[in-house]
Every structure is written in structure tokens, then in C-alpha cells.
Amino acid sequence: MDLELELKEKIAEIENVYSDKKIEASEYIDSLIKPPKSLGKLEKIAISLAGITGKIKNRLEKKRIIVLCADNGVTCEGVSSAPVSVTASQAVNMTKGITGMSSMARHFGIETEIVDVGISTDYDCRQILDRKIRKGTGNIAIEPALTREEVLRAILVGMECADRAALEKVDALGVGEMGIGNTTTSAAVLAAISGAMAEDVVGRGGGLTDDAFQKKISVVEKALNRFLSSGSDKGDIINILSELGGLDIAAMCGVFLGAAKNRIPVVIDGYISVVAALCACKLNERASGYLFPSHESKEKGYRIAISILDLKPWFNLDMGLGEGSGCVIAFQIMEAACAFVCNMATFEGGGICDDYLEDIRKQEK
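Add 1118 to the 1-based position in the sequence shown for our numbering, that's all there is to it.
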């Protein structure tokens, strides 16, 4: 089947969340023994989960973070402090549970799936899922990152990962990445989508000197100028990813789309993850109903992307690691939301008359 058609058909399967179940969940939560809305965002999380699953009471017993790994040709411009070889090394280390994200995930019993969609360095690790499309990408400062076909293949790999998670009864997904240079490609993609200036979307990534930081801004500006002067469709997300993105971002976009298609709640991590989520929603806006934020990334452009998605991060711990690290913590918050709905008594069940709340409830309506 033609890849364009295959993706179009798969994306068309995404349905809206169940608005009636969200109303039902909200009414049930208001019947629990507590002042109205006193559990704040936890209540909103529980209501969102009901809209996705169609159940008021949910349990996130099986959670998985899918990490898409790929290298980016733009690293030759000196936009990253770490060498390209770190991508492969850290991908292998994730399978051992010794990176930042994977060590926390292992502690909390969260599954991790490490997927190679474009690592350029050779490695020996059977625990990494091999879905390599090519080794690295083109240097976006001077040429397109990928062909259109490669972008489509990467998105479909991500959707495949989500489809497999659904078959394996995963209750919630998180989307992470590993790829030296991917804050640069993410900044370029976000600028192309939002119209923001390079200086407003470029951050220091894994750490840069002042000179290297200015170089990174100029590289993104150069990439954007090349893209804007080309004759390609500036509103086509596949084209934007082809010109400015990476295999990691494209595959992550696919995981978000696949999660929505399979009605699985899916958590955004940091900067690269939020840009991939934005790409997914540009391909099908109904995917937005399945997204959950986690932390506020230190990267400058994060606020622009999360604002376009009309989401607000749940916490700020000054994190900028990536890998899916924010998803680990977000899962615990989501489980807390599930726990109170599943275990808390209603006013009737707790033997408390709630007549005293009648005026408050009327005022809220």
C-alpha cells in the first residue's frame, strides 16, 4: 500500500474522546466525600481518563515508556556538546536501567521499550528494537533531513509501537527520545509550525557555552531560511519534518497518533516530545484529547508548543533531561487520580449528608 494512503487511513481511525463519559465522571467525582473541586487537577485528570477509556474508574496497572532513538546530521555544525556516539551508548544503557529515565522507571515498575529508528553508530544490544530507517539524517542547515518517504515510514513505526502496546494491554504510554542534536531539530520544526523566531525556540539543550549557543541559533535560522525559500508546502507537517525534523521526532509523532487511535492515554515528556505531540495534532486534531502533559521543560520553546496544544504542565522540577523522564513522575500523578476515584467513598456511602454543599454547587453551575 502507498505510504501516504496507509498513514491517512490509520490516522482517520482516531475518534473523539467520550464527552458523555467525561460528564458522568465529573458528576460521580462531585458525589465523593470532599468539598467540590477540592482535588483540583487530579479531578481533571480522572475526568480526561474517563473520556478516553469510557470507564469512570480506571487503573493504570501496565505503563510503558517508548523511547525513539536516532541521530541528527546537524550535529556536524557544532550545536551539541556531546559526541554523536552518546546516542547509541545511552540507548544501550537504557536497556540496562542505568540512565536517568530508565533507573526511575525500573524503580516504579514501568516498562521501557527502546527503539532504534536512526542511530548512526554501531552497537551490540538485542534488547533494542531495530526499526532503523537510515543511519542519521541530513544536515538541516544545508539540506533536507529526510525524504518524504522516510518521514512516513518513521511515523508508521511509531504507530506500530502503539499498536503493539494496545495488543499487550498497556494502560498508559509515555513518549521519550534519545538523539544528540534533537533539540536543534525540534526548535526548527516548532519555528516552522508556529512562526516563531529562532531565538525564541532555541535553548541550550544538553549544555552549551555562550558561543556554541549563539551558533545553535544561527544554524536554526539558516535551516529556516532554507526551508522558507524552498518551493515546498509550508503548512504540510510531513514536509516540515522532512525538511527540518528527524527520525526520532517523526516516530514519536507516530506514537502519539497510535496511542490516540488505540484509545490509550499518552504522556508528553519535554521539549522534543511536546514538538512531536504538536506535529501529531496537526495531522489529526482529535489526538489532542488523549494527551497528558508532565513537567515544564527548561528548553525555551517548550512554552510555545504546550500553549499551542492548550495544555499546562503539571509540575516544574527544573528538568531538561528528556528520555521520557517526566513521564515517570506524571504516571504517579495519574495513578493518584485513579486511586481516589476507585477508593473514595460517596457522601451516601460514607454516611454524610451533603445538603450543606447545595448552595456552593448551585453557584458553581
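From the three backbone atoms N, C-alpha and C, an ideal C-beta is built for every residue, glycine too. Note that the structure is a prediction, hence the values are computed from the model and not measured.
Within a Cβ cutoff of 6 Å, which residues of the same chain sit near residue i, ignoring the five residues on either side of it in sequence?
i: G1292; result: I1183, V1385, G1442 and C1445
i: Q1245; result: T1213
i: C1471; result: none
i: C1195; result: The question names Cys, yet the displayed sequence has Glu at residue 1195. Hits under 6 Å: A1259 and V1337.
i: F1433; result: H1413
i: K1379; result: E1131 and I1132
i: L1247; result: V1233
i: R1404; result: I1132 and N1134
i: G1363; result: A1263, T1303 and V1307
i: A1463; result: I1151
i: A1448; result: V1385 and S1412
Leaving aside the five residues before and after residue i along the sequence, list all residues of the same chain whose C-beta is less than 7 Å from its C-beta, in chain order.
i: I1356; result: R1266, V1269 and L1270
i: K1334; result: V1197, T1302, V1320 and L1326
i: S1350; result: N1357 and E1361
i: S1238; result: D1189, V1202, K1253 and G1254
i: K1128; result: M1277 and K1379
i: R1249; result: V1233, D1234, V1235 and V1275
i: E1124; result: L1274
i: G1438; result: G1388, S1415, K1416 and E1417
i: E1339; result: A1316
i: A1206; result: I1237, T1239 and Y1241
i: G1372; result: A1272, I1273, L1274, V1275, G1276 and M1277
i: G1172; result: Y1136 and K1139
Short of 8 Å in beta carbon distance, which residues of its chain neighbour residue i, apart from the five on each side in sequence? Order them along the chain.
i: D1436; result: K1416
i: S1312; result: V1319, I1422, A1423 and I1426
i: V1204; result: I1298
i: A1168; result: Y1136, K1139, K1140, E1142, A1143, I1174 and N1176
i: L1535; result: No answer is possible for residue 1535: the residues shown for the chain start at 1119 and end at 1483.
i: G1407; result: N1134, V1135, S1166, G1169, I1170 and A1378
i: C1243; result: A1209, V1210 and T1213
i: F1331; result: V1320 and R1322
i: L1375; result: K1128, I1129, I1132, I1273, G1276, M1277, A1280, A1398, L1401, N1402 and A1405
i: G1218; result: L1439, E1441 and S1443
Would you please state the rounded distance, in angstroms, between the beta carbons of residue i and residue j? I believe it to be under 8 Å.
i: V1192; j: I1170; result: Not confirmed; about 36 Å, so no contact.
i: L1178; j: M1370; result: Between M1370 and L1178 the Cβ distance is about 21 Å, and since that is not below 8 Å, they are no contact.
i: Y1420; j: G1469; result: With a Cβ gap of about 47 Å, Y1420 and G1469 do not count as contacting.
i: A1309; j: I1258; result: About 11 Å; that fails the 8 Å criterion.
i: P1411; j: A1290; result: Not confirmed; about 14 Å, so no contact.
i: I1228; j: F1465; result: That belief does not hold up - the Cβ atoms of I1228 and F1465 are roughly 35 Å apart, past 8 Å.
i: S1144; j: I1165; result: 5 Å
i: V1070; j: T1230; result: Because the chain in this structure spans residues 1119 to 1483, residue 1070 falls outside the shown range and cannot be described.
i: I1251; j: L1359; result: Their Cβ separation, rounded to whole angstroms, is 12 Å, which puts I1251 and L1359 out of contact at 8 Å.
i: S1199; j: G1324; result: 6 Å
i: C1187; j: E1295; result: 7 Å
What are the boundary residues of the beta strand (DSSP E) that includes residue i?
i: I1184; result: K1181 to A1188
In terms of residue numbering, what span does the alpha helix (DSSP H) encompassing residue i cover?
i: A1130; result: No alpha helix (DSSP H) contains A1130, which DSSP labels as neither H nor E.
i: V1293; result: Taken as a continuous stretch (DSSP letters only), V1293 belongs to no alpha helix (DSSP H), being part of the beta strand (DSSP E) at A1290 to M1296.
i: E1466; result: It is not in any alpha helix (DSSP H) - E1466 carries neither H nor E in the DSSP assignment.
i: G1276; result: R1266 to L1285
i: C1456; result: S1443 to N1461
i: G1254; result: No alpha helix (DSSP H) contains G1254, which DSSP labels as neither H nor E.
i: V1319; result: A1316 to V1319
i: K1162; result: G1158 to T1171
i: K1139; result: S1137 to D1148
i: Y1420; result: Y1420 to I1426
i: L1308; result: N1300 to S1312
Runs of beta strand (DSSP E) lying entirely within the stretch 1332-1395, each at least 3 residues, in chain order: Entirely contained in the stretch 1332-1395, the beta strand (DSSP E) runs reaching 3 residues are, in chain order, 1384-1386.
At least 3 beta-carbon pairs within less than 8 Å: the stretch 1154-1161 vs the stretch 1445-1463: Note that the stretch 1154-1161 touches the stretch 1445-1463; at least 3 beta-carbon pairs, one per stretch, sit closer than 8 Å.
Contact between the stretch 1340-1360 and the stretch 1209-1221 (3+ Cβ pairs under 8 Å): No: the two stretches stay apart, fewer than three of their Cβ pairs being nearer than 8 Å.
Cβ contact check for the stretch 1276-1288 and the stretch 1315-1331: 3 or more pairs under 8 Å: The stretch 1276-1288, when compared against the stretch 1315-1331, does not touch it at the 8 Å Cβ threshold.
Uninterrupted alpha helix (DSSP H) stretches inside the stretch 1213-1249 (no shorter than 4 residues): Fully enclosed alpha helix (DSSP H) runs of 4 or longer: 1218-1225.
Three-pair Cβ contact test at 8 Å for the stretch 1383-1399 versus the stretch 1300-1314: Three or more pairs of CB atoms, one per stretch, sit closer than 8 Å, so the stretch 1383-1399 contacts the stretch 1300-1314.
contact_flag[the stretch 1328-1348, the stretch 1214-1233] where n(CB pairs < 8 Å) is 3 or more: By the Cβ rule, the stretch 1328-1348 does not count as touching the stretch 1214-1233, because fewer than three pairs are nearer than 8 Å.
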